[in-house]
Amino acid sequence: MSSRLSELFVRTLREDPVDAEVASHRLLVRAGYIRRQAAGVFAWLPLGLKVRRKIEAIVREEMANAGAQEVHFPALQPREPYEITGRWEEYGDLLFRLKDRKDADYLLAPTHEEVFTLLVKDLYSSYKDLPLSIYQIQDKYRDEARPRAGLLRGREFTMKDAYSFDYTDAGLDVSYQKQRDAYERIFTRLGLEYVIVQADAGAMGGSRSEEFLHPTPIGEDTFVRSAGGYAANVEAFTTEAPAARSYEKLTPAEVLSTPDTPTIATLVAVANEKHPRPDGRAWTAADTLKNIVLGLTHLDGTREVVVVGLPGDREVDMKRAEVAFAPAVVETATEADFLRLEADANTPSLVKGYIGPWTPTGALLGEDSATGIRYLTDPRVSDGSGWITGANVHGHHVFGLVAGRDFSSDGTIETAEVLAGDPAPDGSGPVELARGMEIGHVFQLGRKYAEALGLKVLDENGKLVTVTMGSYGVGITRILAVIAEATNDGKGLLWPKNVAPFDIHIVAAGREDVVYEVSDALYAQLTDAGFDVLYDDRPKVSPGVKFGDAELIGVPVILIVGRDAAEGTIELWDRRTGERTPMPVANIASALR
RNA sequence: CGGGGCGUAGCUCAGCUUGGUAGAGCGCUCGGUUUGGGACCGAGAGGUCGCAGGUUCGAAUCCUGUCGCCCCGACCA
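Here the first sequence stands for residues 1125 to 1717, where the numbers follow my numbering.
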């Protein structure tokens, strides 16, 4: 719908809104696309809505291509379905809960797996009805602890969520692949750079999960990628264990005095000074085995203290630890944990700063050791590897302690941080670390929800089988912000053609009647030709203001009708390149096609 | 949820230290002059100074509480 700027419901701001930090937020507010209602909640003005609709249209087309049918669920949902799957509790403070007049519990849905599953259960009961893929474009509500960056993390956001239903694992693979392909087409059409990373699926009980990340410095996720094509979330990154080595030529372990070395840095310095390596190479942090005490809270509420051993040049990455120990909640051991250990007469107290798995009289860490404390090690602590580690005596470390010979662990675990240069597990070379914003997520849910909610169908043999599901999300409003983030320049927004709020922005620059006569005619002509035109017809606004607004609003094609209008010449202004080309007004419509 | 910062006109901000009739620029309205990079002159409209208590003759200003917002971190799409 072509519009005259003098009538369009919009007001551009000359200055940046003070509460907007990132470019997309700043510019969308300044250019009059959105207005803030509350933290993480936005109203949409005509310009913003038009862009949104265009993104939605592309998503709808590709959903149709993937064979998914559109449905629509209310955002307002009763408690029961979410109670059955445990998410009424699980979601905690993230859930917007409310009560009706009869005091019954409701929520504003943060996601719709439950009700989609129930609807299919309601209608279908035969394998012949499957596979089925259905989706909606609906607002989601999550009471985020910290909404931020405008549309990028709101408490109300619009999401396309699709769900697939199959009765075989192979069928799920096919449905999953169709959605995955659709996502690739969507992001390609939107001109959004993306990488597909393996995501951790374990905690949710699913089997396969990939995230579409748009690389950007303001991204919230850290991911790793190799030149050879490997990409993964840091949580999903796995470390290859070095091959086991023979102990035969290794010297026996030796306890040495290392006064005042409670940290890895001090230890390395003292080791090099007092106990240099016989081969002349200097000790490094990677030669040390750091033992970190963690406190786990298990699902049943019990508290467990565990120790993880990892090379001293790496920190524990708590996100990775969280995944590795899921579903237990992980934190570094608290003062209370240490006090409890000290109070227990059966556990020799651990010497903070000098903790290690070994003592001359036997193992100190491990389920079968004197303490019984579970001891898990990094994959790099492979059989035959030698370490400097705590001797459980203040001011002393043991040198040349060999895994497999002198100590063993209760298993390996991935808690160490991933560093740039680490080898990709698929052998495709060293990885680099990058920041990304999640713009899509495809997920094989498996039978978790179908089981919980009793979605079964009869198979070919007349046997009841539980349906297997996938869920596939794309954040519509987030994508809009990510596009704005990726395409703006210092002067304003700069939309790709297929999502720009208008096809053409006409600027009437000048006060002579002829300027407006030519502009009016052009506006009518282009609209008739099927273009969606924004016409800056404001009579008393100076050209400078109009140019500035045109740049701010970001329609890619701008036509300036000005000083040469009387001669039938206008200018074609390419918003992206800034280039202005004089053109005869007569055949402009065909030139733009 | 931890740390930091901020709430005064539609927007960006000053005033608060040292209590005394609420200000500027932009935007908006009217009149006039301007019109190729955010023009000018004149006249206007617009604010319970986030909210609630308190201190005081008197509070935007001091005190207490509370709500909201932004940023960093933790967490999450």
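For every residue, glycine included, the Cβ atom is placed at its ideal position computed from N, Cα and C.
Look at the alpha carbon of residue i and the alpha carbon of residue j, and state the distance between them as a whole number of angstroms.
i	j	result
D1656	K1621	12 Å
G1490	E1335	36 Å
E1194	N1415	53 Å
A1406	F1220	57 Å
D1224	A1574	28 Å
G1524	A1445	27 Å
M1707	G1654	20 Å
G1343	R1559	5 Å
D1217	A1269	8 Å
E1636	D1661	13 Å
R1138	A1674	13 Å
I1537	G1508	18 Å
L1579	Y1230	23 Å
A1632	R1135	18 Å
V1669	A1162	30 Å
S1299	G1594	8 Å
A1327	H1629	The predicted position of A1327 is uncertain, since its pLDDT is 45 and thus under 50; no value can be drawn from it.
G1510	S1370	11 Å
L1734	L1256	Because the chain spans 1125 through 1717 in this model, residue 1734 falls outside it and cannot be assessed.
S1331	P1339	25 Å
A1228	M1561	37 Å
T1385	G1477	8 Å
V1589	A1527	48 Å
R1313	V1440	40 Å
E1455	G1586	49 Å
G1634	R1184	42 Å
K1252	G1570	19 Å
According to DSSP, residue i sits in a beta bridge with which residue or residues?
i	result
E1562	L1337
K1223	D1229
D1285	Q1260, G1597
W1168	I1158
L1173	Answer is none; L1173 lacks a bridge partner.
Y1499	V1431
S1509	Bridge partners of S1509: none, in fact.
M1707	I1694
I1320	F1336
K1414	L1434
With a 10 Å radius around its C-beta and 16 neighbouring C-beta atoms as the bar for buried, classify residue i as buried or exposed.
i	result
Q1568	buried
T1114	Because the chain in this structure spans residues 1125 to 1717, residue 1114 falls outside the shown range and cannot be described.
F1133	exposed
E1397	exposed
N1516	buried
S1333	buried
A1487	buried
V1165	exposed
S1666	exposed
P1234	buried
L1337	buried
S1714	exposed
H1196	exposed
Q1303	buried
T1592	buried
A1360	buried
T1705	exposed
Our contact map puts residue i next to residue j with C-beta atoms below 8 Å; I'd like the distance itself, whole angstroms only.
i	j	result
F1289	L1254	6 Å
L1151	G1616	6 Å
P1625	V1679	7 Å
A1147	E1609	6 Å
P1549	T1346	17 Å between Cβ atoms; not a contact.
A1457	L1423	So it is not a contact: roughly 19 Å between Cβ atoms.
A1452	T1421	6 Å
A1410	D1437	4 Å
Y1265	R1279	7 Å
I1179	I1603	6 Å
A1199	L1232	5 Å
L1577	I1208	6 Å
Compute the minimum distance between the beta carbon of residue i and the heavy atoms of the ligand SAM, and state whether it is under 7 Å.
i	result
V1589	In the structure shown, the ligand SAM is absent, as is every other ligand, since no ligand is present at all.
State whether the segment 1187-1202 contacts the segment 1166-1174, with contact taken as three or more CB pairs (one from each stretch) at a distance under 8 Å. Verdict: no, contact absent.
Would the segment 1488-1507 and the segment 1429-1438 be scored as touching if the rule is three or more Cβ pairs under 8 Å? Three or more beta-carbon pairs drawn from the segment 1488-1507 and the segment 1429-1438 are found closer than 8 Å, and the two stretches are therefore classed as touching.
Contact between the segment 1309-1319 and the segment 1286-1300 is defined here as three or more beta-carbon pairs at a separation below 8 Å; is this criterion met? No: the two stretches stay apart, fewer than three of their Cβ pairs being nearer than 8 Å.
Can you confirm whether the segment 1542-1561 touches the segment 1518-1532 when touching is taken to mean that 3 or more C-beta pairs between the two stretches lie within less than 8 Å? The segment 1518-1532 makes no contact with the segment 1542-1561; the number of CB pairs closer than 8 Å stays below 3.
Quick test of the definition: if touching needs 3 or more C-beta pairs under 8 Å, does the segment 1280-1292 touch the segment 1587-1606? Counting C-beta pairs closer than 8 Å gives three or more between the segment 1280-1292 and the segment 1587-1606, which meets the contact rule.
Does the structure place the segment 1229-1247 close enough to the segment 1204-1212 that three or more beta carbon pairs sit under 8 Å? Judged by Cβ distances under 8 Å, the segment 1204-1212 makes contact with the segment 1229-1247, as three or more pairs qualify.
Say whether the segment 1688-1697 touches the segment 1633-1652, bearing in mind that this needs 3 or more beta-carbon pairs closer than 8 Å, one atom from each stretch. Yes: the two stretches touch, three or more of their Cβ pairs being nearer than 8 Å.
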